[in-house]
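What follows is a set of notes on a single structure, which appears directly below.
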Amino acid sequence: MYHRKYLCLFLIPLFLIMTWSCAGPQKVDIKEGIFEGERTPKTLAILPFENNSVTDPEKYQPLSKGLSAMLITDLNQSQKALKVIERNKIAAILKEIALSQTGSVDESTAIRAGKILGAQSIAFGSFIVLGGSVRIDTRIINVETSELIMAESITGSSNAFLQLERDLAKKIANSLNVAFKPKTTATSSNIDAALYFSRGVDAFDKGNRTEATRLFQQCIDLDPSYKRQVDNIQGLS
0 MYHRKYLCLF LIPLFLIMTW SCAGPQKVDI KEGIFEGERT PKTLAILPFE NNSVTDPEKY
60 QPLSKGLSAM LITDLNQSQK ALKVIERNKI AAILKEIALS QTGSVDESTA IRAGKILGAQ
120 SIAFGSFIVL GGSVRIDTRI INVETSELIM AESITGSSNA FLQLERDLAK KIANSLNVAF
180 KPKTTATSSN IDAALYFSRG VDAFDKGNRT EATRLFQQCI DLDPSYKRQV DNIQGLS
């Protein structure tokens, strides 16, 4: 009996050691920013950007919604590591807290929206178009802790708006430790392509699909690089 007791005391720790060895230590996938075997993606919400343009502000107002739509489409390419909340859910929450018209978002309001959306992080900011230049200011906040994750300003030519958006998407991905590799290459086209796309998004959201299709086609005619963006809005990708 004593022999059995000592044998059990020896075998149980040995079994636990062998089990742990077979399972191996948990590995971290640095490229994707998540643990192997623990594929819960990080959750990000991107709010519409505030339009601070002084010259022709009405002309550039559609970019408020259009820029966030572009970022959502591009960052959704990091599907394994990052989940970006859908535009329609964000729009519903913004309507609920009366932000859809003003487009003005402060930190406390952004955090409130993020909590309602169930996002871990929330991105918001502003842009200004002045002459041939565009500046985009962006902040990312940890919804739970209110910690500032990222604060970036990027400036470039209005003739390279899509490339500016891609640069911003990359900065956002890097700040969240996820990989970002766009499937298409941005081209140099005037800002009109971005405006047609943004106006198309607004028409689509209002249920005017005929007008949206017309505007999207004008966008693609000016810059075919927007096709994936358009397809995503129309549910074709």
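Residues 0 to 236 in numbering that gives the first Met the number 0 are what the sequence shown lists, from first letter to last.
Using N, Cα and C, we set each Cβ at its ideal position, and we do this for glycine too.
Predicted model, so just to flag it, every value in this text is computed and none were measured.
Bridge partners of residue 64 according to DSSP: none are assigned. Burial state of residue 152 is exposed, judged by a 10 Å Cβ sphere holding fewer than 16 other Cβ atoms. Inclusion of residue 112 and residue 44 in the CB contact set at 8 Å is warranted, their separation being smaller than that value. By the neighbour-count criterion, in which 16 or more other beta carbons inside 10 Å mark a residue as buried, residue 96 falls on the exposed side. One thing to note: residue 49 has its Cβ no nearer than 8 Å to the Cβ of residue 145.
Going by C-alpha positions, residue 213 is about 26 Å away from residue 181.
Selection 76, 67, 104 and 80 evaluated against residue 87 yields 67 as nearest (Cα-Cα). Exposed is the label assigned to residue 216, since fewer than 16 other Cβ atoms lie within 10 Å of its Cβ. Cβ-Cβ separation between residue 234 and residue 218: approximately 17 Å, too far for a contact (criterion under 8 Å). By the beta-carbon neighbour count (other beta carbons within 10 angstroms, threshold 16), residue 168 is buried. The beta carbons of residue 139 and residue 120 sit closer together than 8 Å. Excluding residues up to 5 positions away in sequence, 164 and 228 lie with their Cβ nearer than 7 Å to the Cβ of residue 69 in the same chain. The beta carbon of residue 202 lies closer than 7 Å to those of 210, 211 and 214 in the same chain, with the five residues before and after it left out.
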